[in-house]
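The opening position of the sequence shown corresponds to residue 897 in the numbering used here, with each subsequent residue numbered one higher.
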Amino acid sequence: MRIARFAAAGQDPAYGIIELAVDGGEHPDTIATLTNDPLAGVPVNYTGERHSLDDVRLLAPVIPRSKVVAVGKNYADHAAEMGGEVPATPLLFFKPNTSVIGPGETIVRPAGCEDLHFEGELAIIIGRICKEVPAERVPEVIFGYTIANDVTARDWQNSDGQWARAKGSDTFCPMGPWINTHLTVEEAGHLGIETRLGDDVRQSGNTSQMVRGITELVTTISAFTTLLPGDVILTGTPAGVGAMADGDTVTVEIDGLGSLSNPVASA
């Protein structure tokens, strides 16, 4: 199932279930509106309203009520290109929910940032309140998966000594286009991931290359912080990260999850 958050003309943002032509269903390339946020813990039904995907704007599929937790250097080839090795313990950091934007929205280069980078990643969406999740119960707490871009002000990352500004600025966490709720943990751990700057492929990897997989990340993060419905875990990026210039468009594509494109402009 593909769950998206969308805006139709003259209506408030809503959630819906996407049906694509490749599904072979009766309503190709449409979105069926849901009564409520499926992550809010209340009953969800169809409203009976359906829109063509051409007539709506897809938004970030979730705006975290609490937090985005990200892991750095979780692909060995990326750690090497950054001049180091995979840390002995997971390198974790937070991105605020104000950094989240959706498909097609502009990544804004803040004033004073001279080196703005893309980092295409698989994102895990948490579906229930959980703490100290044992490995065998990780599938129970995952609502689904989407695509993210861990935008980074590389110059600020190198100069600040910590990453709050470099990773957490407004617009620095594009996500979308929808949440796939049918992937198993095993399937999500074997997906091709590609990032393009314009038409040029800059990153090409597979989530199977993650040093710490989905299960280990959920158990490790939930050991020290309570995860809430709608929280997001960014799982790291493969090699090939690089700078974005004003006027560029960056696209992250992951097998089975669609593609996420965002233009870049200065503030």
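For glycine and all other residues, C-beta sits at the position ideal for the given N, C-alpha and C.
Bear in mind that the values here come from a model prediction, so they are computed numbers and not experimental data.
DSSP state of residue i, grouped into three classes?
i, result
"N993", "helix"
"I1117", "helix"
"D951", "helix"
"N941", "coil"
"R946", "strand"
"I927", "strand"
"V1081", "helix"
"Q907", "coil"
"V918", "helix"
"D1096", "strand"
"G1057", "coil"
"G1064", "helix"
"I913", "strand"
"A1139", "strand"
"A976", "helix"
List the whole-angstrom C-beta distance separating residue i from residue j, where the pair is believed to meet the contact cut-off of C-beta under 8 Å.
i, j, result
"L1018", "T1131", "5 Å"
"F989", "K963", "Not quite, the Cβ-Cβ distance comes to about 11 Å (not below 8 Å), so this is no contact."
"P1226", "I1020", "With the chain covering 897 to 1163 only, the question about residue 1226 has no answer from this structure."
"N1045", "N1158", "7 Å"
"G1152", "S1100", "Actually they do not touch by this definition, with Cβ atoms about 16 Å apart."
"V982", "I1117", "Actually they are not in contact, since the Cβ atoms of V982 and I1117 sit about 17 Å apart, beyond 8 Å."
"I899", "G1040", "7 Å"
"Y911", "P934", "6 Å"
When you compare each of the options to residue i by their alpha carbons, which one comes out closest?
i, options, result
"E1001", "A956, H1013, I1117, D908", "A956"
"D1127", "M897, H947, V996", "V996"
"T1145", "R1061, F1014, S1104, V982", "F1014"
"G1138", "S1118, N993, A1049, N1076", "A1049"
"D925", "R953, T931, L916, V1114", "L916"
"W1074", "T1042, K1027, D1056", "T1042"
"K1027", "P1070, L1113, Y911, T1133", "L1113"
"T1122", "V1029, T1111, G1072", "V1029"
"A1062", "P1134, T1115, A903, P1006", "P1006"
"G1088", "D1056, T1133, S1118", "T1133"
"N970", "N1102, M1140, D1142", "N1102"
"A1060", "I913, T994, E1149", "T994"
"H947", "T929, I959, P960", "T929"
"G937", "R961, R1033, A1031, G1072", "R961"
"E1149", "L1093, A1119, G1143", "L1093"
Can you check DSSP and say which residues form a bridge with residue i?
i, result
"L1124", "Per DSSP, none; premise fails for L1124."
"T1145", "P1159"
"A966", "F989, L1130"
"I1089", "G1101, I1150"
"N1076", "R898, Y1041"
"P983", "Looking at the DSSP assignment, P983 forms no beta bridge with any residue, so it has no partner."
"P1070", "I997"
"M1106", "Y971"
So that I know if they touch, is there some Cβ in chain D lying closer than 8 Å to that of residue i?
i, result
"I997", "Protein chain content of the structure displayed is limited to a single chain, and chain D is not contained in it."
Curious, which full-length beta strand (DSSP E) runs of at least 3 residues does the stretch 1002 to 1051 contain? 1003 to 1005, 1012 to 1014, 1016 to 1022, 1038 to 1045
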